[in-house]
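If you're matching positions, the sequence shown starts at 904 in the working numbering and goes up one per residue.
Heads up, the beta-carbon is just placed ideally off N, CA and C, and yes, glycines get one too.
A short worksheet on the structure shown next.
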Amino acid sequence: MTRTEFLEELREGLSGEVNSRVVQESVAYYSRYISEAVAEGKTEEQVLDELGPVRLIVKSIIDADRGAGRKEEEPLETEYSVKQNSGFSFRSWYGRLILILLAVLIVVVVIALVIGVVMAAWYLLPVVVVLGIVIILAKIFLGRRQ
């Protein structure tokens, strides 16, 4: 088998099984791999023998793609894209912990505000009652003078 036959069999085996980006990246990877091994002094035949049957490579790529849970159009992540996307996320364990802590803090603040309003009303209740009594008495006594 030649390099061209290997790559064509790889392309045909992956087509329809994984998205086109995975097919392109896989073919490009094995093309580079073969070129680099040949540049190091191995023959094309030796490299292809070391790689093994194309159908096993195709099966492992398909299994890896399906196991990763990627959708049909979702791109295959490269080492560069993983490093670029490795920042803060609420999907990570510490992101979820921060969300939980924020939720607890909000609940505590709301409870404190409610208790504060209730306590203020409780302490102001005698003042309101006294003012009410004063107003009622003022109307009674001021109303009789007229």
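Checklist entry - Would you say the beta carbon of Val1037 comes nearer than 8 Å to a heavy atom of the ligand NAD? => result The ligand NAD is not part of the structure shown, which contains no ligands of any sort.
Next on the checklist: For Ser938 and Gln927, I'd like the C-alpha separation in whole angstroms.
Outcome noted: 16 Å
Item to check | Classification of Gly1019 by the beta-carbon crowding that lies within 10 angstroms, buried from 16 upward | outcome: exposed
Next on the checklist: Going by beta-carbon coordinates alone, are Arg906 and Glu947 separated by less than 9 Å?
Outcome noted: yes
Checklist entry - How many angstroms separate the CA atom of Phe1044 from the CA atom of Val1021? => result 34 Å
Checklist entry - So, Gly916 versus Arg958, is the Cβ gap smaller than 9 Å? => result yes
Checklist entry - Considering Arg935, what are the terminal residues of the alpha helix (DSSP H) in which it resides? => result 923-942
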